[in-house]
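Peer 1: Respectively, the protein sequence lines represent chains L and E. Quick note: the first sequence uses this note's numbering, first residue 28, plus one each step. Quick note: the second sequence uses this note's numbering, first residue 710, plus one each step. Built from N, CA and C at the ideal position, the CB exists for glycine as well. Please find one structure pasted underneath; my questions will follow.
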Amino acid sequence: MTHLGIRIKKGFMPANPRKLTQRSLLISVLVVGALLFALPYVNMVFTSVKMDEEMSSENFSILPRTPVPRTVSPYVMDDTGYAIKRPNGMSREDWERFKDPFTTAIRSAVDNWYGKEPLVQTAFGKVDRKAAVESLTQVLGAGVLTRISDSARKQGTAAMLAEVPKLATPEKVKDAFVEFMPRFCLGDVTVRLSDYSKRRAGTGANWSAASSNATAIPLAPPLLKPGETSTLLSYDSPNRDPVSATFAPAATVAATQGATSRPAGTLLPLGADEASKIDRVYVFVQSDQSWARIDIRLTVAGRVYRLDETIHAATRTWTQIEMRIPGQERMPTSGRTFYLLEDLGPAPEGAPQFAVDLTLHPNSGLGAWWAKITRNYAIAFRQVPIARYIGTSISLAILSIILTTFGSSLSAYAFARLDFPGKNVFFGLLLATMMIPGQVTMIPSFLIHKQLGWYNTLYPLWVHSAFGAAFYIFMLRQFFLSIPKELEDAARIDGCGFFGIYWYVMLPLVRPTLITVAIFSFMGSWNNFMGPLIYVNDERLYNLAFGLFKFNLTSGANSSLIMAGSFIMTVPIIAMFFFFQRYFIQGISISGLGGR
Amino acid sequence: MSSWKTWMALAMFILLAVALYPRPEKDDPEKNKGVTTITLWGTLIVTEETATAVDEFERENPQYKVQIGASDARDSIADPTRFLLSVAGEDPPDVCGFNRLGIIELAARGAFVDLTPYIEADKGRPDGLHEEDFFKSMWDETCYKGRQYAISYGANARALILNDDLLLRAGFRNEDGSVRPPKSWEDICRKKFHGSGTVTSDGVVRLGSPTELPGVGPFPVSGGAAVADDVVVLTAGRSFFRARIKSVGADGALQIDFSRELATGTKAVPAALVNAGNLEVKVFDKNSYTIAMTRFKPNGDIDVLGFTPFGGNSWPLNFGWQNEATFMADNGERVFFDDPNLKVAYQYLVDIYDCVGGLERAKPFEDPLMGDRHSPFVRDKLAMIINGSWFLGAIASYRADFQFTVVPAPLPEARIKEGKQPFTWIGGGAWAIPKTAKHPEAGWALMRFMASDKARKLMYEVNASRLRASGMVYVPDMPFRRDHVPYVRAEYLANNPGISTRVIEAYDVMAGLLPNARFRVPTPISNRLYEAQHRAAADAMAHRASVHDALISKTPFLQEGLDKFFEKERGARIDWSWMIGGYILLLAIGAAFLARSEMRRRRAGFGRRDWKAGYMSVSPWLVGFIVFGGGPILFSLVISFCHYDALTPARFIGLDNYIKLLGFHKDSLTGAMVANDPKFWKSLANTAFMLVALPISISLGLLLAVLLNNQFRGIAAFRTLFYMPSILPTVATFLLWVWVFDPHRGLLNNVLMEVGVTHPPKWLHSATWAKPALILMGLWGIGGGMLIWLAGLKAIPVQLYEAAEIDGAGPMRRFFRITLPMLSPYIFFNTVMGIIGTLQVFEAAYIMTNGEPEDSTLFYAFYLFHQAFRYLDMGTASAMAWILFALVLALTLFQLKVSRKWVHYD
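If you want it as structure tokens, here you go:
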């Protein structure tokens, strides 16, 4: 077996006991070292699939949390992240005395509210009340513990308990309930017409269940804020059958009454004749983190559409799903947060002018994992044109490799083998340029490229390669020098010109070195960051290194997306390494270059 | 090379490269007849909304086509890199967006078109831009010497945001049970005593006399005598101690309480303070909001912090204004960094940190203030913060149930007595037209549209969709036009069920502050001023310098920038055509010289040389050198003797740049010799520090190589694993390590805390640990070095070891007497390359730290970049580049000389 260019002859474990101990020690040291080395990278990969809520400092874990697929909704959360814990400054004895009466008081406050709220009985009727109360007790209790006044704390546990009824109000219980009871809710549907005006197609009340395993229950205050409408989709699908709901627009008005007559902040209803003018559709959904696949189909003016991408019920917040009918609009050069609609053909006879059909496909455990793993990558690919960046980087890398190897080797050949006036002066200059920091020429170089009309083009990123690089020229020259002169003479006698000798005799002999040069120029080009920073302005010309940097700046603090982007950037290099392993190693050893 | 397979592969690759080469759609000259292409550069954040408005502009005005780009590269505040390059390249955008901080700096240097005539011409036009439509502050911030240079496009306001629950818990409530917000600076943090004193090791503090702040008089204090439970802060230099008062003796001596708020087990005052004799003693009122709401963990860390003045978005500037401080003379030619009101404001900042136990302990509450769900304010860990309007959206998104109140940030009691009203300060971006823009008229039309009702409404809509798509609640930022406020309020706040009344109230408070808002001083040195304010505050808060010294020490840096700007036409103008002519002449002379020596050689009877083949072969390098090497090198050498800001012609100033960098002068106050440019030396020292990494990585790499220089099955896998990190793409590696080093959520500190380190370093957020962190990151890449050593080890003849073993040499001896000498050429080569590489460290600083914190990662190459593109001083930057070259050369020659002693060649 040849691996890393080194032939392995001996067995894994020697027979000699002393050597055995040494070997075991060595291996354990190596294993520990290897683990340490792998850890940051592993961290990158694992972070790239985490959800934003998993990244708080309180509950750190290297491994991403296992997504729990649900077939019943609403349900009780397993882990809200809140628990009744001893507050700082309270002694253990006090806590022992305080803990149980406190928890009981909170529990009864939650249970009271739970029992009294009719909407909870209907909409959340299938939820295990005991478990729900317990979960909410922990959330509310943790909140109340931070709110007990300092003066009560000073007076002791009795005073603290006395404050509980004042703090564990029905309002607070409701807040905890709204925040921590996962449910699937459907809200307003608005559309934008081609003249940019917006219309309200309907509210949450216009949704109804469309499969037997689901019921649609309209929510109302106190679970909703005044003015809010939404419909809870309660479902139970033990065999993971699809769960569907459908949206039919509110009664439409005959003609548009002119956009000025409405009070600010409200929208006119969708007119009967306006469906054909729709170019964007916005649907508000509060998903239940059931990891079910959400399939949305739109019927608009006689045609059926669906999203160009798969989405999953991965979060618990209200999300606006924006869908655009492909048209004349210019696509953003950077990312997009909307979905494009895919035309599925004409709608069946008798279909309404406008309708939304939403189907949930409950997921299996594996499916949920897959959904979670691909989620951040899908977002990254949608928000950043990573595919285009990769294409640009590959293209630039190929051009650099070809030009660098050719340019450097030809010049190196001249320095090594040909005799011409000024050769030594030039070689001295070449060595000197190796020492001149890039910063020296940064500004004037820019001005020259500008004069050539190369500003905001990719030329400055690859044309230079044709001129060779001082270090590679130097390195190749050393290898050319070591080739016996007789070979060259023989070729000359056979009628070869200087280029023939270079091409047919010299190049094949320095092949390994050439490959090394190629690999280094690939890495240099792939990592090129200053080039785009200085020369390129058009976002469509960014390479991957700079595109990723830009993504990092614009995506704010979302580390999981940045790690997803970074991981994507490393993949080609790693793939390349496994293909050209031998040359990587050889190259490093030949050149004495230690990577970075 | 001639085999057809190679050619096929080559052709395939070229085809692939051509196929993947990006080709942005070309302008079709036929179709675009009569169409003017406007180039518009925005800042990073606005691209998406800008693009939408631009689409509409194109639809309305078919005679225009707009190309969008970005004018900044690193951050929108202080990085005009790209803009400057484009101006230098004489192809600037027609309209460009900047943070308003940078606008005037560039405008003062003549970079932008004076928009006043355009505005005048539009008077009476319904879609014209009229001063009265804008908030005054937003109009005035883009005004310099009475002329308008830009049009604002965004705004934000800042106010004090209170966590109601935490205030109520501490008892800050009105009669009716509502929250009682702080009314003045003193409510937030009241100081009862500031003066000298002594302390004993068992904690008896005796107060001395009040101290004076130079130029101000005694430190202003209020609130009467110290009582039990008040906070005492003792400082001597950088040693710092904070405790509560247990009791006040009859003679006024204060007994410190060791049982509360100090790490468990603290029983004595640090010896440094006891031995110091006379200390700085401060006594703070226990009822100050900040003190009353700050809570500690048993280990002495802060659990809940009452107030952080510096986090969020308040900046020291804000506190200066609140105390009516002046920064600049009216004519803009002098800096007032010694204004007594400014000193008092800075002292107040220092006091707030001191009263909760110092900057270090409060820092963790500031680092992550990104306005995301992990912000300590949203997580009930911070009671009060001064933050901007954008923070309301984060609150609404992550804590729908959050009980909070927003009030204007309070003023000092003295100012309230004078009848001053609280205010906010605003920031945001603005559009401007560069002087050399090709289509200023078209640019103006676009700017007019971008500020119009229609465009703004489209932009609000885009932002709303973007946020709502990721499950957030959209709370719009502040409008820059008065007439937009009611629209935004009605459209996005009032009827929006996702937004609670508290958010709307908060929005109203902030919007109400807009008409009288303050803004950053428009001056030609905005960036320097901004930086100096922060540095001075950071120095004072960390007790690295007194408030007075911290401020005074920044004055020369500011005044220098001003002087340089106001300096009239000094030195001879350098004409580029002369430069180019000179270079061509130089090349000609060189060629003639070569020709002459060749002639002589031939006459002397040497054989003809194959000069045709030679020059043809060497031409790739030679052409590259002549065009992109030699010329630029000479050019940069010339401008290193010039004053050149890329916007105005270069002027010859002799050695001034070098003197400024390398020279020293006598400080007028202390009489000590100080460097003309301390940051230059700091950057050099930082870079030198990084050289520490070299021996570490070489020895670790060598150790690894020795371990891996064994033969057994599976060792190759280890080699691969250790090698892999060194080839990972740099940008990806940097971003990964930024995340690993995250002080709270990163891998490293969580692992460290897991193994029992209670206070792990804050790595990239700590001035002490930032460089070691970068070195640690570098060690991840030792695999590359390891392979070199491995190759070297394999090349050592086995006979040497065998002979040594026979002679009785042990393993250590064999290593030091055979392995090391045999490897010495490798070690030498890698040391040389390593030093050259280290001196040029740039990207890590640019991507990971931006030179922060406190300039601790301001490396040489990065400072050079700053000189060129932040301080607009290409001349100094070039001088730095040449000093770097001299350093590299000297170090290499030195090593070559030394190497003869220890490098062993066969």
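What does residue 402 of chain L reach in chain E if we use C-beta pairs closer than 7 Å?
Peer 2: Here residue 402 of chain L corresponds to residue number 375 of the first sequence, with the count starting at 1. By Cβ distance, chain E contributes nothing, its closest Cβ being about 12 Å from residue 402 of chain L, past 7 Å.
Peer 1: List in chain order: all unbroken beta strand (DSSP E) runs of 3+ residues lying wholly within the segment 928-958 of chain E.
Peer 2: 940-945 and 948-957, all fully within the segment 928-958 of chain E.
Peer 1: Going by CA-CA distance only, name the one from L:147, L:494, L:267 and L:300 that's closest to residue 240 of chain L.
Peer 2: As a first step, residue 240 of chain L is located in the first sequence; it is residue number 213 there, counting from the start. Of L:147, L:494, L:267 and L:300, the residue nearest in Cα terms is L:267.
Peer 1: Could I get the ranges of all uninterrupted alpha helix (DSSP H) runs contained in the segment 530-598 of chain L, with 4 residues as the minimum, in chain order?
Peer 2: Runs found: 538-553, 557-562 and 571-581.
Peer 1: Put residue 744 of chain E into one of helix, strand or coil per three-state DSSP.
Peer 2: Here residue 744 of chain E refers to the residue found at position 35 when the second sequence is read from its first residue. The answer is coil: DSSP assigns residue 744 of chain E none of H, G, I, E or B.
Peer 1: Can you name the residues of chain E whose CB is closer than 8 Å to the CB of residue 244 of chain L?
Peer 2: Here residue 244 of chain L refers to the residue found at position 217 of the first sequence. What residue 244 of chain L touches in chain E: nothing, since even the nearest Cβ is about 18 Å away.
Peer 1: Quick check on DSSP: helix, strand or coil for residue 282 of chain L?
Peer 2: What you label residue 282 of chain L is simply residue 255 of the first sequence in a count that begins at 1. Bear in mind that a pLDDT of 41 at residue 282 of chain L, under 50, signals an unreliable position, so the number given afterwards is only what the model happens to contain. Correct three-state label for residue 282 of chain L: coil.
Peer 1: Among E:850, E:749 and E:867, which has the Cα closest to the Cα of residue 1217 of chain E?
Peer 2: Against the second sequence, residue 1217 of chain E aligns to sequence position 508. Checking every option, the nearest Cα to that of residue 1217 of chain E belongs to E:867.
Peer 1: According to the neighbour-count rule (16 or more other Cβ atoms, all chains shown, within 10 Å of its Cβ), is residue 1499 of chain E buried or exposed?
Peer 2: Counting from one through the second sequence, the residue named residue 1499 of chain E turns up at place 790. The residue is buried, with at least 16 neighbouring Cβ atoms inside 10 Å.
Peer 1: In chain L, which residues lie less than 9 Å from residue 1313 of chain E when you measure between Cβ atoms?
Peer 2: Here residue 1313 of chain E refers to the residue found at position 604 when the second sequence is read from its first residue. The premise fails here: residue 1313 of chain E is roughly 13 Å from chain L at the closest Cβ pair, so nothing lies under 9 Å.
Peer 1: Using the rule of at least 16 other Cβ atoms within 10 Å of the residue's Cβ for burial, across every protein chain shown, is residue 690 of chain E buried or exposed?
Peer 2: Here chain E comprises residues numbered 710 to 1615, so residue 690 of chain E is not present and cannot be evaluated.
Peer 1: So what does DSSP say about residue 969 of chain E, is it helix, strand or coil?
Peer 2: As a working note, residue 969 of chain E is residue 260 in the second sequence. In this structure, residue 969 of chain E counts as coil in the three-state DSSP scheme.
Peer 1: Assign residue 1613 of chain E to one of three DSSP states: helix, strand, or coil.
Peer 2: By one-based count along the second sequence, residue 1613 of chain E stands at place 904. Three-state result, residue 1613 of chain E: coil.
Peer 1: Are residue 763 of chain E and residue 775 of chain E closer than 8 Å when you measure CB to CB?
Peer 2: Locating residue 763 of chain E in the second sequence gives position 54, counting from the first residue. Locating residue 775 of chain E in the second sequence gives position 66, counting from the first residue. Contact flag set, yes.
Peer 1: For residue 67 of chain L, count neighbouring Cβ atoms within 10 angstroms of its own Cβ and tell me buried if that reaches 16, exposed if not.
Peer 2: Taking the first sequence and counting its residues from 1, the one referred to as residue 67 of chain L is at position 40. So residue 67 of chain L ends up on the buried side.
Peer 1: Alpha carbon to alpha carbon, how far is residue 1477 of chain E from residue 1403 of chain E? Give it in angstroms, no decimals.
Peer 2: Taking the second sequence and counting its residues from 1, one reaches residue 1403 of chain E at position 694. Taking the second sequence and counting its residues from 1, one reaches residue 1477 of chain E at position 768. Looking at the two C-alpha atoms, the distance is approximately 19 Å.
Peer 1: So is residue 98 of chain L buried or exposed if we call it buried at 16+ other beta carbons inside 10 Å?
Peer 2: One-based indexing of the first sequence puts residue 98 of chain L at position 71. It counts as buried.
Peer 1: Out of E:1261, E:1331 and E:948, point me to the one whose CA is closest to residue 1063 of chain E's CA.
Peer 2: In the second sequence, the residue the question calls residue 1063 of chain E occupies position 354. The shortest Cα separation from residue 1063 of chain E among E:1261, E:1331 and E:948 belongs to E:948.
Peer 1: Under the rule that 16 or more other beta-carbon atoms within 10 Å means buried, what is residue 1468 of chain E, buried or exposed?
Peer 2: Taking the first residue of the second sequence as 1, we reach residue 1468 of chain E at position 759. Burial call: exposed.
Peer 1: Contact criterion: CB-CB distance below 8 Å. Does residue 206 of chain L meet it with respect to chain E?
Peer 2: In the first sequence, residue 206 of chain L corresponds to position 179, counting from 1. Chain E contact via Cβ: present.
Peer 1: Could you check the C-alpha separation between residue 810 of chain E and residue 1242 of chain E for me, to the nearest Å?
Peer 2: Taking the second sequence and counting its residues from 1, the one referred to as residue 810 of chain E is at position 101. Taking the second sequence and counting its residues from 1, the one referred to as residue 1242 of chain E is at position 533. Each residue's alpha carbon lies about 14 Å from the other.
Peer 1: Along chain E, in chain order, which residues have C-beta atoms closer than 7 Å to that of residue 411 of chain L?
Peer 2: In the first sequence, counting from the first residue as 1, residue 411 of chain L sits at position 384. Under the 7 Å cutoff, chain E gives no residues; its nearest Cβ is about 12 Å from residue 411 of chain L.
Peer 1: Give a yes or no on contact between the segment 1142-1160 of chain E and the segment 817-826 of chain E, applying the rule of three or more CB pairs nearer than 8 Å.
Peer 2: Touching, per the Cβ criterion.
Peer 1: In chain L, which residues lie less than 8 Å from residue 1489 of chain E when you measure between Cβ atoms?
Peer 2: Here residue 1489 of chain E is taken as the residue at index 780 of the second sequence, counted from 1. Simply 64 and 67.
Peer 1: Can you tell me whether residue 1130 of chain E is buried or exposed, with buried defined as 16 or more other CB within 10 angstroms of its CB?
Peer 2: Start at 1 with the first residue of the second sequence, and residue 1130 of chain E comes out as number 421. The residue in question, residue 1130 of chain E, is exposed, as its Cβ has fewer than 16 Cβ neighbours within 10 Å.
Peer 1: Can you tell me which of the three DSSP states residue 339 of chain L falls into?
Peer 2: The count along the first sequence starts at 1 and reaches residue 339 of chain L at position 312. Residue 339 of chain L: strand per DSSP, three-state reduction.
Peer 1: Assign residue 1012 of chain E to one of three DSSP states: helix, strand, or coil.
Peer 2: Reading the second sequence from its first residue, position 303 is the one you call residue 1012 of chain E. Residue 1012 of chain E: strand per DSSP, three-state reduction.
Peer 1: On a CA-only basis, which of L:363, L:141 and L:540 is nearest residue 154 of chain L? Give me that one, please.
Peer 2: Counting from one through the first sequence, the residue named residue 154 of chain L turns up at place 127. Of the listed residues, the one whose Cα sits closest to residue 154 of chain L is L:141.
Peer 1: I'd like to know whether the C-beta atoms of residue 600 of chain L and residue 1437 of chain E end up nearer to each other than 8 Å.
Peer 2: The residue you call residue 600 of chain L lines up with position 573 of the first sequence. The residue you call residue 1437 of chain E lines up with position 728 of the second sequence. In this structure, residue 1437 of chain E lies closer than 8 Å to residue 600 of chain L by Cβ.
Peer 1: Flag residue 1567 of chain E as yes if its beta-carbon sits less than 8 Å from any beta-carbon of chain L, otherwise no.
Peer 2: Taking the first residue of the second sequence as position 1, residue 1567 of chain E is located at position 858. False, the Cβ-Cβ gap to chain L never drops below 8 Å.
Peer 1: Give the interface partners of residue 564 of chain L over in chain E, defined as CB-CB distance under 8 Å, in chain order.
Peer 2: Here residue 564 of chain L corresponds to residue number 537 of the first sequence, with the count starting at 1. By Cβ distance, chain E contributes 750, 778, 779, 791 and 795.
Peer 1: Would you kindly report the start and end of the unbroken alpha helix (DSSP H) that includes residue 498 of chain L?
Peer 2: Position 471 of the first sequence, counted from the start, is the residue given in the question as residue 498 of chain L. That run of the alpha helix (DSSP H) goes 497-508.
Peer 1: Pull up the distance between the alpha-carbon of residue 962 of chain E and that of residue 899 of chain E, whole angstroms please.
Peer 2: The residue given as residue 962 of chain E occupies position 253 in the second sequence. The residue given as residue 899 of chain E occupies position 190 in the second sequence. Going from the Cα of residue 962 of chain E to the Cα of residue 899 of chain E covers about 20 Å.
Peer 1: With respect to the beta strand (DSSP E) encompassing residue 1234 of chain E, which residues constitute its N-terminal and C-terminal limits?
Peer 2: Here residue 1234 of chain E is taken as the residue at index 525 of the second sequence, counted from 1. Here residue 1234 of chain E belongs to no beta strand (DSSP E), and DSSP marks it neither H nor E.
Peer 1: Going along the chain, which residues of its own chain have a beta-carbon closer than 6 Å to the beta-carbon of residue 845 of chain E, five neighbours each way excluded?
Peer 2: As a working mapping, residue 845 of chain E is identified with position 136 in the second sequence. Excluding positions up to five away in sequence, the list is empty.
Peer 1: Report the residue from E:1514, E:1486, E:1527 and E:925 whose alpha carbon sits nearest the alpha carbon of residue 1505 of chain E.
Peer 2: Within the second sequence, numbered from 1, the residue matching residue 1505 of chain E stands at position 796. Per the Cα distances, E:1527.
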